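**Student:** Quick one: this structure, given as structure tokens, is what I'll be asking you about.
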Amino acid sequence: MSQASAFAKRVLTESAFAYFCTTNMRNDPHVVPVFFLFDLTRCHAYFLFSRDSKKVRNLRLHPNVSFSVDVRDHVNPLGNKGVMIQGRAGETDDPAVDMERVKQLFEEKYGWSRSGSFFRDDHDERVLVDVSVRKISCWQGPTFISCPRFCIASRRRGGVCASSLAGEDHEIRGSSG
Amino acid sequence: MRREDPDFPAEVNWLLEEGYFGYLGTSDAQGNPQVTPVIFVREGNSVFLTISKVSKKVTNIRQNGRVAFLIDIRDPGDLANNRAVLIEGKAKIYGIFDLLNNLGRALRVRALLLKKYPKYAAFYATKGSLLPKPWRATLFISRLLVEVKIRRFSYMREAKPVYLERHAE
Numbered sequence: 087m088s089q090a091s092a093f094a095k096r097v098l099t100e101s102a103f104a105y106f107c108t109t110n111m112r113n114d115p116h117v118v119p120v121f122f123l124f125d126l127t128r129c130h131a132y133f134l135f136s137r138d139s140k141k142v143r144n145l146r147l148h149p150n151v152s153f154s155v156d157v158r159d160h161v162n163p164l165g166n167k168g169v170m171i172q173g174r175a176g177e178t179d180d181p182a183v184d185m186e187r188v189k190q191l192f193e194e195k196y197g198w199s200r201s202g203s204f205f206r207d208d209h210d211e212r213v214l215v216d217v218s219v220r221k222i223s224c225w226q227g228p229t230f231i232s233c234p235r236f237c238i239a240s241r242r243r244g245g246v247c248a249s250s251l252a253g254e255d256h257e258i259r260g261s262s263g
Numbered sequence: 244m245r246r247e248d249p250d251f252p253a254e255v256n257w258l259l260e261e262g263y264f265g266y267l268g269t270s271d272a273q274g275n276p277q278v279t280p281v282i283f284v285r286e287g288n289s290v291f292l293t294i295s296k297v298s299k300k301v302t303n304i305r306q307n308g309r310v311a312f313l314i315d316i317r318d319p320g321d322l323a324n325n326r327a328v329l330i331e332g333k334a335k336i337y338g339i340f341d342l343l344n345n346l347g348r349a350l351r352v353r354a355l356l357l358k359k360y361p362k363y364a365a366f367y368a369t370k371g372s373l374l375p376k377p378w379r380a381t382l383f384i385s386r387l388l389v390e391v392k393i394r395r396f397s398y399m400r401e402a403k404p405v406y407l408e409r410h411a412e
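Read top to bottom, the protein sequences are chains A and U.
The numbering of the first sequence is this note's numbering, which starts it at 87 and goes up by one.
The numbering of the second sequence is this note's numbering, which starts it at 244 and goes up by one.
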């Protein structure tokens, strides 16, 4: 596994925040910081959103979404690293997805804060949103890497991410910024 | 607050001034969004960014100028204790004539960037020539100046929206 793939795996499983971007009917982007889980085996991301939030209303209209997870370096711009995912989102109705298990995983990842449980008092008003990954872009300083190979789903035949089918990670110098 | 600044609520002003990274959400003409972190400064009723000429952000903005820009401050000790402001606005990519017509403002933006990001500025001054061309800081050759005029904002505290008084347009 390349260094980039290892980094992408780590950041997607360990980072607390993702920045989730949707668009509305007029194609106006909307960005919010969110908590998330990333399933490396299925290459899906899970989010628990308020049922009536703008992002949920948007993804019902436009299921194509994007989210970024990054590590910030306040001193060296080459130290900035991150992963951006583009995919298709939907409120999950997959019976194979154990909602209680997902909620438990969220609690394990985020635990308890001074404000109380991660779910606090609006537990029932949340919907589970599942993002199937279509493309992963990963940057480390000025190096942009498309589709790290760790993602099993992106290598499946018929997957949208063509570059990952070619084999190795694709490195494009100087494409970030 | 500077005199020429619009009357934003104090919480929003604080994020606009003190936020170090922002997340620019753009979308192409087909409604495919993307979001990436950028550095920025606030000048008056706008935020300014310098982004790589070859980035997807520039392609998207040329297709659809409507953007979202999120600035947040994270509290590593308490995940629920975060502050964020979401700006919705129109992005404008400065061409040479725009720059000449707004030279005073562009120079203020440059000074603000140097003041806010002195370590980045020092890095680019000493090691910038070693970087790939699209990553360098040279305006028009490698990067473009982008203004996002703030049309609306939403303030979020403890992972929930908080409605503050509307600012002057």
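Beta carbons: idealized from backbone N, C-alpha and C, even for Gly.
Computed from a predicted model, the values in this text were never measured in an experiment.
1) Considering only residues of the same chain and omitting the five flanking positions on each side of arginine 348 of chain U, which have a CB-CB separation below 7 Å?
2) Quick one: give me the first and last residue of the beta strand (DSSP E) that leucine 214 of chain A is part of.
3) With burial defined as no fewer than 16 other Cβ atoms inside 10 Å of the residue's Cβ, what is the status of serine 372 of chain U: buried or exposed?
4) Helix, strand or coil: which one does DSSP assign to tyrosine 360 of chain U?
5) Are glutamine 172 of chain A and glutamine 273 of chain U closer than 8 Å when you measure CB to CB?
6) Residues of the segment 262 to 278 of chain U in Cβ contact with chain A at a cutoff of 7 Å, in chain order, please.
7) Since glycine 168 of chain A meets chain U, which of its residues come closer than 9 Å, beta carbon to beta carbon?
8) Under 8 Å between C-beta atoms, does phenylalanine 366 of chain U make it to chain A?
9) Give, in chain order, every residue of the segment 143 to 163 of chain A whose Cβ lies closer than 7 Å to some Cβ of chain U.
10) Per DSSP, what kind of secondary structure is valine 118 of chain A in: helix, strand or coil?
11) Closest to asparagine 303 of chain U by CA distance: which of U/Phe251, U/Leu258 and U/Lys333 is it?
12) Among A/Ser101, A/Val120 and A/Asp125, which residue has its Cα nearest to the Cα of valine 188 of chain A?
13) Does any residue of chain U have a CB that is nearer than 8 Å to the CB of phenylalanine 103 of chain A?
14) Could you tell me which chain U residues have their CB closer than 9 Å to the CB of glutamine 172 of chain A, listed as they occur along the chain?
15) Is the separation between the beta-carbon of histidine 148 of chain A and that of valine 219 of chain A shorter than 8 Å?
16) In terms of alpha-carbon separation, which member of U/Ala364, U/Leu387 and U/Lys392 lies closest to lysine 212 of chain U?
17) Which partner residues of lysine 365 of chain U appear in the DSSP bridge assignment?
18) Taking 8 Å as the threshold (beta carbon to beta carbon), is threonine 99 of chain A in contact with chain U?
19) With 16 as the cutoff for other CB atoms within 10 Å, does glutamine 190 of chain A come out buried or exposed?
20) Pairing CB atoms from the segment 344 to 358 of chain U with CB atoms from the segment 316 to 330 of chain U, are three or more of them under 8 Å?
21) Is DSSP giving proline 149 of chain A helix, strand or coil here?
22) Run through the segment 154 to 199 of chain A for me and flag every whole alpha helix (DSSP H) of 4 or more residues, listed as ranges in chain order.
23) So, is the C-beta of alanine 327 of chain U closer than 8 Å to a C-beta in chain A?
24) Would tyrosine 132 of chain A pass as an interface residue toward chain U - the criterion being a Cβ-Cβ separation below 8 Å?
25) Here's a check: name, in chain order, each residue in its chain whose Cβ is nearer than 6 Å to the Cβ of phenylalanine 283 of chain U, leaving out the five neighbours to either side.
26) Just reading off the alpha helix (DSSP H) that aspartate 315 of chain U is part of, what are its end residues?
27) May I have the straight-line CA-CA distance separating serine 240 of chain A from phenylalanine 93 of chain A, to the nearest angstrom?
28) By alpha-carbon positions, which one of A/Thr108, A/Ile222, A/Met185 and A/Arg112 ends up nearest to tyrosine 132 of chain A?
**Tutor:** The answer reads as follows:
1) Glu286
2) 212 to 226
3) exposed
4) coil
5) no
6) Tyr263, Phe264, Tyr266, Gly268, Thr269, Ser270, Gly274, Asn275, Pro276, Gln277 and Val278
7) Thr279 and Pro280
8) yes
9) His148, Asn150, Val151, Ser152, Phe153, Ser154, Asp156, Arg158, His160, Val161, Asn162 and Pro163
10) strand
11) Closest option to asparagine 303 of chain U, Cα to Cα, is U/Lys333.
12) A/Asp125
13) yes
14) Asn275, Pro276 and Gln277
15) no
16) Nothing can be reported for residue 212 of chain U: it is not among the residues displayed for chain U, which extend from 244 to 412.
17) Contrary to the premise, residue 365 of chain U reads as alanine rather than lysine in this sequence. Per DSSP, none; premise fails for alanine 365 of chain U.
18) no
19) With fewer than 16 other Cβ atoms within 10 Å, it is exposed.
20) Contact between the segment 344 to 358 of chain U and the segment 316 to 330 of chain U is absent, because fewer than three Cβ pairs lie under 8 Å.
21) coil
22) Complete alpha helix (DSSP H) runs here, min 4: 185 to 196.
23) By this cut-off, alanine 327 of chain U is an interface position.
24) no
25) Gly265, Val290 and Leu292
26) No alpha helix (DSSP H) contains aspartate 315 of chain U, which is instead part of the beta strand (DSSP E) from 309 to 316.
27) Here serine 240 of chain A scores only 49 on pLDDT, less than 50, and its place in the model is too uncertain to base an answer on.
28) A/Met185
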